[in-house]
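Using our numbering, read the sequence shown as starting at 220 and increasing by one per residue.
Glycine included, each C-beta is placed from N, C-alpha and C at the ideal position.
This report refers to the structure that appears directly beneath it.
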Amino acid sequence: MRPAILLSLILALSGGSCSGGIGLRPAKGVPEDGWVRSNILRADYAGSAACAGCHPDVYQAFLGSPMHKMTRIPETAEVRAPFSAERYRFKDDVATLSQAGGHRYLRVFSPRFGDHLYQVTRIIGGRYREDFAGVEVPAPGASVPEGSDELILPLSYVFASQSFRPKGYSVMVTERPGLRAGGVWNRTCVFCHNTSPYFASLYGALLGPGAPGYQGEVVDALLPEDRRYTFVVSRPDLLAEALRGEIRTFGGQPREEKEPSVLLNQALRTTRENLRARHLLEIGIGCESCHGGSKEHVKNYRQRPTFEIRSPFLSARPALANPRPPSPAEWANRACARCHQVLFSRYPFTWEGGRRRGDPGGSHINSGEGRDFLLGGCSGAMTCTACHDPHGEDRPERLASLTGKAGNALCTGCHPGYRGDEALRAHAHHDPAGAGGACINCHMPRKNMGLGYNLGRYHRIGSPTDPARVQGDRPLECALCHGDKSVEYLVTAMERLWGKHYDRAALRGLYGDLRDNALRATLSRGKGHEQATAMILLGERKDLEALPSLLISLTNPYPLLRYFARKALSDLTGRPCDVDLEQEDEKIRTQAERWQKAHPKDESAISLP
């Protein structure tokens, strides 16, 4: 067998172990390096509750975190979505949400897809929205047969707007004809929203290109070759033994062939077809989803848990020869990128003018931050946890503080030459006390599509003057703050201040006339994700010249952009844009025109095409 493949993860936990074990000499039976011997197999996991005794504060904080509550049982969970005879209409379809006998129900009436009643069995998410999975039942109170398929239900509840919308409209999908249940929950959403043996996520990577699709994606296929990791199988016999054990767990009969690729195929297909909630180690994300199986650590605190893949038959290493061993920060960040890579996006475009598979650029939307960070210049020295709390919920005031001196201190630890106001002024060509003096504003620009119709930060740390960014995508990152300027004004200033040169022909291909405003030209000519960034910024600037384009965007082919346009119109005009986006396009246009004409501050009323 040729051990293929592109993987992530290896790392030594960079702080603390139970009972002060760090720094102690290995006890008898403890590996020389002090780490657990195996942490990817089903038998290696102890469960989150085993962490509570030695780490009570962290454990209690994690229990209340959105990450831990990524999947919940509705009968025992706090649910924010209202299930009190709410009625939601989408085009000709109607959904009603109710409760009876301690259970939640979603009923969908659709002329095209029929009348269906579902008992909600899973609540998914909880930081920005809630999604739902459920089982079809004949009537409220009817028993749910064992082994029934749990389907992804067709609604999401968005916290920012306190409203429902069709499921799937959190990413760049095209218009839906109506409401109907989607895929089977246990075949689509499980591995990143629950705790399962990490071994099961690696089958496709071990098989290599052409492996059947299933839930077990790893990030390396979405990274440039010089940042990928590959597996090395040292004991094919032990790999085969582990695969047979998983196949039996799912009720399969392992094949007799000794070739691991045959068993990998069988394990992948058996997992995809037979996985049920009872096969998960925990519902929701547990401690070992990130830290790896830690049963050895629980038995002997001197055997420390690690993000590194530890196994008697499998290891991971850089795909290309690299004389420098991976840093602890790189391994930690790859643990985050297991899930924060936007696994199943079919939208092909990325920042830097690239495509997701062929020429990896950075993600345009939330949930790709881990992968984006690995693409940037700081992932070898800084960890995601420098800014984010993995055991709780990020405090808004803490994140806001990073746009000032507190954030700059994170950067100057590795870049001491930029400490002090004069050094920062010479580097940034901005007032050190202003927005342009905050490292994060230029090197992690606010341009990614957030899950609440807002903008999040782009986590591929780099320079706004990089020609790949300037000539590859829109809008110019300097326009995020200088939104009143033309393309030509901005690039000329960048050339003067930073000694760069930019291809005007390439820029005209992006923007057309370079005398045009950079944000408005992006809204008119950009790709969908670029338009979303421009929409929100134009709305915040209250740029009335953008009003016609924003109104037209209420019927954008990507439904998610319609919500961004509506948010931008509300911000621009200072009054809620109450256009109903859950109706046919013609009705949306009529209602949008009526809404616009009723606004007394607009210079003129327009008719939408």
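- Residue R308 holds the alpha-carbon nearest to the alpha-carbon of E801 among R308, H287 and S284.
- Looking at G728, W814 and R781, the one whose alpha-carbon comes closest to that of G793 is W814.
- G503 is positioned such that its CB atom lies closer than 9 Å to that of K288.
- Annotation: Y337 is outside any alpha helix (DSSP H); the continuous beta strand (DSSP E) that includes it extends over G333 to I343.
- Counting along the chain, no alpha helix (DSSP H) covers A319; the unbroken beta strand (DSSP E) around it starts and ends at D312 to A319.
- Around the beta carbon of L398, 16 or more other beta carbons lie within 10 angstroms, which makes this residue buried.
- Between the region 317-336 and the region 395-413, the count of Cβ pairs shorter than 8 Å is three or higher; the stretches touch.
- Contact between G589 and G580 does not hold, since the beta-carbon distance rounds to 15 Å and is not under 8 Å.
- V451 counts as exposed, since fewer than 16 other C-beta atoms from the protein chains shown sit within 10 angstroms of its C-beta.
- Ranked by Cα distance from L779, the options M668, E764, L716 and I771 are led by M668.
- In this structure, the straight-line span from the alpha carbon of Y721 to that of G731 is close to 15 Å.
- Taking 9 Å as the cut-off, the beta carbon of K477 is found no closer than this to the beta carbon of A262.
- Nearest Cα to W550 within the set T604, C506 and V798: T604.
- The closest CA to that of D762, considering only D703, R463 and G345, is found on D703.
- Contact fails between the region 296-307 and the region 270-284, because fewer than three Cβ pairs, one in each stretch, are under 8 Å apart.
- Under the three-state reduction of DSSP, L370 is assigned to strand.
- Counting along the chain, the unbroken beta strand (DSSP E) around R326 starts and ends at H322 to S329.
- Secondary structure at E501: strand, using DSSP grouped into helix, strand and coil.
- When secondary structure is reduced to three states using DSSP, I292 falls in the coil class, being assigned neither helix nor strand.
- In the DSSP assignment, G353 forms a beta bridge with V339 and L370.
- With a 10 Å radius around the Cβ and a threshold of 16 neighbouring Cβ atoms, H510 comes out buried.
- Of all alpha-carbon atoms in S772, M713, C697 and L716, the one lying nearest the alpha-carbon of L738 is that of C697.
- If you compare the alpha carbons of G345, D312 and V313 with that of A296, the shortest gap goes to G345.
- For E527, no beta strand (DSSP E) encloses it, and the DSSP letter there is neither H nor E.
- Non-local beta-carbon contacts of V710 in its own chain, meaning distances under 6 Å to residues more than five positions away in sequence, involve Y721 in chain order.
- The beta-carbon distance between G747 and L791, rounded to whole angstroms, is 20 Å. This is too long to meet the 8 Å contact definition.
- Excluding residues up to 5 positions away in sequence, V339 and L372 lie with their Cβ nearer than 6 Å to the Cβ of F351 in the same chain.
- For A751, the enclosing alpha helix (DSSP H) covers residues G747 to R760.
- Under the Cβ criterion (8 Å, minimum of three pairs), the region 748-757 counts as touching the region 678-698.
- Beta-bridge partners of R406 (DSSP): none assigned.
- Only residues of its own chain outside the window of five on either side were considered, and among them A657, I659 and N660 have a CB closer than 7 Å to the CB of T622, listed in chain order.
- For R523 and V255, the gap between their C-alpha atoms comes out near 6 Å.
- Here the alpha carbon of R723 sits roughly 54 Å from the alpha carbon of T315.
- In this structure, the CA atom of L629 is about 43 Å from the CA atom of G402.
- For Y637 and G681, the gap between their C-alpha atoms comes out near 16 Å.
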